[in-house]
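Chemist:
There are 2 protein chains.
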Amino acid sequence: MAGRMRIGDAAAAAGTTPRALRFYEQRGLLPPAVRSASGQREYGPEAVTRVRVVRALLALGLTVDDLASRTHRLDLLAEDPPRSCASDGDFGPDTFAPVVERRLAALDAEIARLARLREALARHTGAEAGSDLPGR
Amino acid sequence: MAGRMRIGDAAAAAGTTPRALRFYEQRGLLPPAVRSASGQREYGPEAVTRVRVVRALLALGLTVDDLASRTHRLDLLAEDPPRSCASDGDFGPDTFAPVVERRLAALDAEIARLARLREALARHTGAEAGSDLPGR
DNA sequence: CTTGCCCCTGACGCGCGGGGCAGGGGTTAG
DNA sequence: CTAACCCCTGCCCCGCGCGTCAGGGGCAAG
Chain A
1 MAGRMRIGDA AAAAGTTPRA LRFYEQRGLL PPAVRSASGQ REYGPEAVTR VRVVRALLAL
61 GLTVDDLASR THRLDLLAED PPRSCASDGD FGPDTFAPVV ERRLAALDAE IARLARLREA
121 LARHTGAEAG SDLPGR
Chain B
1001 MAGRMRIGDA AAAAGTTPRA LRFYEQRGLL PPAVRSASGQ REYGPEAVTR VRVVRALLAL
1061 GLTVDDLASR THRLDLLAED PPRSCASDGD FGPDTFAPVV ERRLAALDAE IARLARLREA
1121 LARHTGAEAG SDLPGR
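Protein chains in written order, with the numbering used here: chain A, 1 to 136; chain B, 1001 to 1136.
(1) Are A/R55 and A/T95 closer than 7 Å when you measure CB to CB?
(2) Taking DSSP's pairing of strands, which residues face B/Y1043 in a bridge?
(3) How about B/L1077 and B/V1051: are their beta carbons less than 7 Å apart?
(4) Specify, as a first and last residue, the run of the alpha helix (DSSP H) that B/T1071 falls within.
(5) Please check the pair B/G1061 and B/R1113, which I expect to be a contact at CB under 8 Å, by giving their CB distance rounded to whole angstroms.
(6) In chain order, what residues of the same chain have a beta carbon less than 6 Å from the beta carbon of A/A13, not counting five sequence neighbours either side?
(7) On a CA-only basis, which of A/A97, A/R118, A/Q26 and A/G8 is nearest B/V1100? Give me that one, please.
(8) Check whether the Cβ of B/G1061 lies closer than 7 Å to any Cβ atom in chain A.
(9) Which of helix, strand or coil does DSSP assign to B/R1052?
(10) At a cut-off of 6 Å, would you count B/S1069 as near the ligand NAP, judging by its Cβ distance to the nearest heavy atom?
(11) Can you pull the chain B residues whose beta carbon is under 8 Å from the beta carbon of A/A97, in chain order?
(12) Going along the chain, which residues of its own chain have a beta-carbon closer than 7 Å to the beta-carbon of B/P1032, five neighbours each way excluded?
(13) Between the stretch 1097-1112 of chain B and chain A, which residues of the former have a C-beta closer than 9 Å to a C-beta of the latter?
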C-alpha cells in the first residue's frame, strides 16, 4: 500500500531533490530503496519520514559521515511509534551524544574564531592608524 | 642590493611557503617577481613586506579576489613611508571599505547562523523529547 | 664530479553536500 | 503510437587557499 511514490515525488515530499536521495542512499544514510520491476526506486511515506530525519540532522550541522556510522539510530528515530526514545533523551545520547558534543565544541570554536576575526576587522577599519599590521 | 633572497627564504621570512608566494603572484596579489638569469625568483625585503601585507589582509578574512582587484592599494600599503595613508584611516576606505563592509556583514550573518545552529543543537540534546524535528 | 638541497612549471587533490550533464530507458495521457 | 516527462547510472563540477606530487634544471659544498 505504501511504495507508490517515485523518487521525484518522494524528494518533493521531503523537501529535497532526487539527486540528494540517491546521494543519501549511496552514502548509507538511507537503506537501499525498493525497486520496481524496471529498476525504479519506490518510496512509501515511512521512507519520506526517514529522509526528513536525515535532513533535520544534517541541518543541525551533523555530517554525512556522522550519520552514516549511526544508521541504526536513524532507523529508530524514523519509526512511527518512537519506542526506543524511552531509553534516552532526544537523539539517543549513547550514540549521538559524542558526535553532537564534538560538533558543539567545533561550533563554539568556529564562532569564537569568527568573532575574533570580526573584531579585528572592525578595529582596523575603525582605528585611526594602527602602527602596523596584526602580527598574528 | 636587495634582491638576494630566493623564494624559500623569502617565504620563511614572511611566515609562509614558496607555494603560497607563487600562488599569490599567479593570482595577481604580488607583482611578478624579478628573475635571476636561470629563471629563479628573487625577492628583496620590500617584497617580503608586501607579502606580509597580503597575508595580514587574508588573515582578516578578505579573499584572494578581493585583493586581486585592489592591487594598487596593496602597493600603497606596502610602501616603507606609508605616504598614501594620510588621506585615509587605515586601509584606505575609498577602495577597501566596501569589501570590508561586505565581509563584516558576511561575518555577522555567519556568526548568527552558527549561533542559531548551536542553540538548536543544544536544545535537542538537552531537551526531554521535543514533539518532532525542527521544521526549519 | 657528485651529492643533496633548492627551484621551476603544470596539473591534480582536498572537504562537503550535492548540482548538472550525457546517454539511455520507463511511463502515462492524449 | 507518440509526445512529454520521469527515471536510471556514471561522471565531472563547485569554492578556496593553497598542499602535493611529477618531471626536470640550478647551485653551493665536499
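A virtual CB, placed ideally from N, CA and C, is assigned to each residue, including glycine.
Modeler: Judging by the given coordinates:
(1) no
(2) B/M1005
(3) no
(4) T1071 to L1077
(5) At roughly 16 Å, the Cβ-Cβ gap does not stay under 8 Å, so B/G1061 and B/R1113 are not in contact.
(6) V48
(7) A/R118
(8) yes
(9) helix
(10) Ligands in the displayed structure: none, and consequently the ligand NAP is not present.
(11) T1125
(12) Excluding the 5 residues flanking it on each side, B/P1032 has same chain C-beta neighbours closer than 7 Å at E1025, in chain order.
(13) A1097, V1100, E1101, R1103, L1104, L1107, D1108, E1110 and I1111
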